[in-house]
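Using the numbering used here, the first residue of the sequence shown is number 1, and each one after it goes up by one.
Where a beta carbon is used, it is the ideal one built from N, C-alpha and C, also for glycine.
Being a predicted model, the structure only gives us computed values, none of them experimental.
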Amino acid sequence: MTRLLVLLLLLPALAFADLPPPPSIAAKAWLLYDFTSAQPLASSNQHERVEPASLTKLMTAYLAFAALKQKTLSLDQVVPVSERAAKAPGSRMFIERQKPVRVEELLHGMITQSGNDACIALAEAVAGSEQAFAQLMNREAQRLGMKETNFVNATGLPDPKHYSTAYDLGLLAVALIRDFPEYYPLYSLHEYRYNNIAQPNRNRLLWLDPNVDGMKTGYTENAGFCLIASARRGARRLVSVVLGANSDSGRAQESLKLLNYGFQFYDAVKLYGKGQALSTLEVWKGTEGRLKAGFQSDLYVSVPRGAGEQLKADLVSTQPLVAPISVGQKVGTVKVTLQNKLLGEYPVVALENVAVAGFFGRSWDSLRLWFK
């Protein structure tokens, strides 16, 4: 492998040791995540198994949004209400068996009103049954990297085999915002009325902080009061996960403390832009001898405010690179460090195609590789 030093940022210095510790959070487990850089900033018990309660509905929503994107569901589609859905225990939007309901209404009922009846109706519309839907939930969880999660229902009603972690729930929240930005504004609605019953959004932060624009609350006796919140200030977005707080107001206040801490004491530094060539790499047996390498999207890294001067990024290229090579193919890795501490490893991809050379070109490079 070939190591190339590709970046040293020059920003005002702040020693890592000068970073204030996170605030004391009264909760069983919590996590603060920088959506902009896709980095966790601070956490406590982030891998401890917990009951996710209604935070489960983020996965129910994720699969419903995916079905809408794949056009296997439509917002105007009328869904028949099963007896199982109509009689769902816990929080409800009050759908009725004799009154079919549209998918768009169910989404509002699930997200704003946290209706268990809405979740079951959506699960049945997507997969035929809640049991089959739970299998889809687990398959999607694995794809998203939620390795410490298992779902058995679409609602979050208690079950010993239904569990997750703060880390996994953070991954899910970030994935939902990233993959379905067109539906994320549903999480900012303060109230929804269905069947002549108006219910407020249980996320108190929508009233307390104008920067907060979602996401989801949860509560059971065992889980305690839970809240995943997301806030945006300028170009930056942070996501907080607070599990097992002592009260409704407590989960809001603890979440606000985390979000304020992240915005005040961290910066998200843009290292490279989408499509920006950070290096040209040698190619063997191709019609071109070199190719441009970079990133398919903007690359941000979160650091303590003012500590960007100490950021270093090293490119480790895959060698030998042998044609054919296609745009988007991984050709290396950038390792980003701060004060010799690894912050992250990011895949570097080809920004251009390189076709296979002719017979003589391939033969010549084969000979050169043999001696190399």
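When C-alpha distances from Gln199 are compared across His190, Leu206 and Thr72, the shortest belongs to His190.
Taking C-alpha positions only, Asn153 is separated from Phe133 by approximately 8 angstroms. The Cβ-Cβ distance between Asn195 and Phe94 falls below 8 angstroms.
Going by beta carbons, Gln329 and Ala350 fall inside the 8 angstroms limit.
Beta-carbon to beta-carbon, Leu291 and Leu256 are separated by about 47 angstroms, too far to satisfy the 8 angstroms threshold.
Where Thr333 is concerned, the enclosing beta strand (DSSP E) starts and stops at Lys330 to Leu338. Along the stretch 286-323, the beta strand (DSSP E) occurs as fully enclosed runs of 3 or more residues at 290-294, 299-304 and 311-317, listed in sequence order. When DSSP states are grouped into helix, strand and coil, Gly250 belongs to the helix group. Per DSSP, reduced to three states, the secondary structure at Lys57 is helical. Residue burial annotation: Glu254 is buried, with at least 16 other C-beta atoms found within 10 angstroms of its C-beta. In its chain, beyond the 5 residues on either side, Ala350, Leu351, Glu352 and Asn353 have a beta carbon closer than 7 angstroms to the beta carbon of Val327. Proximity to Trp284 across Asn260, Pro320, Leu122 and Leu55 peaks at Pro320, based on C-alpha coordinates. As for any beta strand (DSSP E) of minimum length 3 sitting wholly inside the stretch 169-233, the runs are 191-194, 197-200, 212-220 and 224-233, ordered along the chain.
For Gly109, the uninterrupted alpha helix (DSSP H) run begins and ends at Val103 to Ile111, by DSSP.
In the DSSP assignment, Leu278 falls within the unbroken beta strand (DSSP E) covering Ala277 to Trp284.
Distance from Ser54 to Gly214 at the Cβ level is roughly 14 angstroms; contact not present, criterion being Cβ atoms closer than 8 angstroms.
DSSP places Glu83 in the uninterrupted alpha helix (DSSP H) bounded by Glu83 to Ala86. Judged by pairs of C-beta atoms under 8 angstroms, the stretch 164-173 touches the stretch 44-52, as three or more such pairs exist. Ala127 and Gly90 have their alpha carbons spaced roughly 22 angstroms apart.
Annotation: Asn45 to Lys28 spans about 7 angstroms, alpha carbon to alpha carbon. With contacts defined by Cβ atoms closer than 8 angstroms, Arg232 and Asn211 form a contacting pair. The count of Cβ pairs closer than 8 angstroms, one atom from the stretch 135-147 and one from the stretch 104-120, stays below three, leaving the stretches out of contact.
In the DSSP annotation of this structure, the continuous segment of the beta strand (DSSP E) that includes Gln39 starts and ends at Gln39 to Ser44. With a beta-carbon spacing of about 6 angstroms, Arg237 and Ser230 fall inside the 8 angstroms limit used to define contacts.
Residue pairing from DSSP places Leu31 in a beta bridge opposite Ser43 and Val241. Of all alpha-carbon atoms in Tyr266, Glu309 and Ser129, the one lying nearest the alpha-carbon of Arg84 is that of Ser129. DSSP places Glu345 in the strand class (E or B) of the three-state scheme.
Under the three-state reduction of DSSP output, Arg49 falls in the coil class, being neither helix nor strand.
Residue burial annotation: Lys57 is buried, with at least 16 other C-beta atoms found within 10 angstroms of its C-beta.
Straight-line measurement puts the Cα of Arg178 at about 16 angstroms from the Cα of Met146. With fewer than 16 other beta carbons inside 10 angstroms of its own, Ser24 counts as exposed. Sixteen is the threshold: when 16 or more other Cβ atoms of the shown chains lie within 10 Å of the Cβ of Asn203, as they do, the residue is buried. With fewer than 16 other Cβ atoms inside 10 Å of its own Cβ, Ala355 counts as exposed. For the 8 angstroms CB-CB criterion, Gly294 and Tyr272 form a contact. By a beta-carbon distance limit of 8 angstroms, Ile197 does not contact Thr155. Their separation comes to about 19 angstroms. About 12 angstroms separates the CB atoms of Leu157 and Thr60; that is not less than 8 angstroms, and the two are not in contact.
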